[in-house]
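J.:
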Amino acid sequence: MAFGIKSFLKGAAFAGLNEFLGRGRDGGYAKPNRFEIMIIPPSGVRGTGNDANLFNPFTAVTNKLSNDGTLRNVIFNCESFSIPGRNLVSSPDTNLYGPEREVVTAQSFGDIDSTFYLSSDLKEKRFFDAWTAMAAGAESNGFALSYYHDYVGRLEIYQLDENDERTFGCVLIDCFPKTVAPLAVSQAIASDIQKLSVTWTYRYWKSLEDEASTSIGTRIVDSFRNTATRRITAQIPSVLRRL
């Protein structure tokens, strides 16, 4: 009987190992370096009006940087980003007999940190500086604050598999760069790449697969560009793809 139990446990162990290895073969596991972001910046509608009190000079700058290839560089040079989480706010329900229970009263969403590689002309920094200036104004217009919907945009984040196919996607609603970190310069290290840290805030996020009427595949923005970029980067060693 003891031999039978031992054989059974040994067989179960091998079965568990085979199941574990099978998971790695069938689709594999998600890798943190397999991701893609799409930034949809605001247009700053009121900043294009004729009223001098509503004019924000950085609206034109942002629109120009969004269409001259800078935005594409910003997206491609993203080193790190975070898929957002969700925090449920709860409080005790005391309107019942017996042990109390926690009930959900609200939900909250935390800020997201990101890092971008910088080109030699710092065009990525110029893009984020212009976006934040759309919200806070500039000296030329008395540092007037803009309307909320004039400076909030959208940002889509995708998890990719080993074949660069999107397996999960979510979108940040009403997002904008809350903090553009200062850049440190130094003579000590000449081989490092300059990076920019950007903190994003947003109203909420939703899944593009579970909370939308269409699948991820039909919500691709500029799908031709994505496909072409993936084919090119697929030929580049992974260690160099983010350089």
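If you want the working numbering, it's the position in the sequence shown, counting the first as 1, plus 234.
Every residue gets a Cβ at the ideal spot worked out from N, C-alpha and C, and that includes glycine.
Identify whether Ala-294 lies in helix, strand or coil by the three-state DSSP scheme.
T.: Ala-294: helix per DSSP, three-state reduction.
J.: State the Cα-Cα distance for the pair Tyr-392 and Gly-332, rounded to the nearest angstrom.
T.: Tyr-392 and Gly-332: Cα-Cα distance of roughly 45 angstroms.
J.: Can you tell me which of the three DSSP states Ser-441 falls into?
T.: Three-state DSSP puts Ser-441 in a strand.
J.: How should Ile-273 be labelled, buried or exposed, when 16 other C-beta atoms within 10 angstroms of its C-beta is the threshold for buried?
T.: Ile-273 should be labelled buried.
J.: Does Glu-373 come out as helix, strand or coil in the three-state DSSP assignment?
T.: Residue state, collapsed to three classes: helix.
J.: From Ser-420 to Thr-339, what distance separates their C-alpha atoms?
T.: If you take the alpha carbons of Ser-420 and Thr-339, they lie about 49 angstroms apart.
J.: Can you give the Cα-Cα distance for Arg-306 and Phe-362, rounded to whole angstroms?
T.: Near 13 angstroms, if we compare the C-alpha coordinates of Phe-362 and Arg-306.
J.: Flag this pair as yes or no: are the beta carbons of Ile-346 and Ile-309 separated by less than 8 angstroms?
T.: Cβ atoms of Ile-346 and Ile-309: not closer than 8 angstroms.
J.: Which residues in the same chain as Val-295 place their Cβ atom closer than 7 angstroms to its Cβ, once the five residues preceding and following it in sequence are excluded?
T.: So the qualifying residues of the chain are Ala-364.
J.: Verify whether the separation of the beta carbon atoms of Met-368 and Pro-276 is less than 8 angstroms.
T.: Yes. Within cutoff.
J.: By a C-beta neighbour count over all protein chains shown, 10 Å radius and 16 as the cutoff for buried, is Gly-387 buried or exposed?
T.: Gly-387 comes out buried.
J.: Restricting to Cα atoms, I'd like to know which of Asp-444, Gln-428, Glu-443 is closest to Glu-479.
T.: This structure gives no information on residue 479, because the portion of the chain shown stretches from 235 to 477.
J.: In terms of residues, what are the limits of the alpha helix (DSSP H) holding Ile-309?
T.: Where Ile-309 is concerned, the enclosing alpha helix (DSSP H) stretches over 304 to 310.
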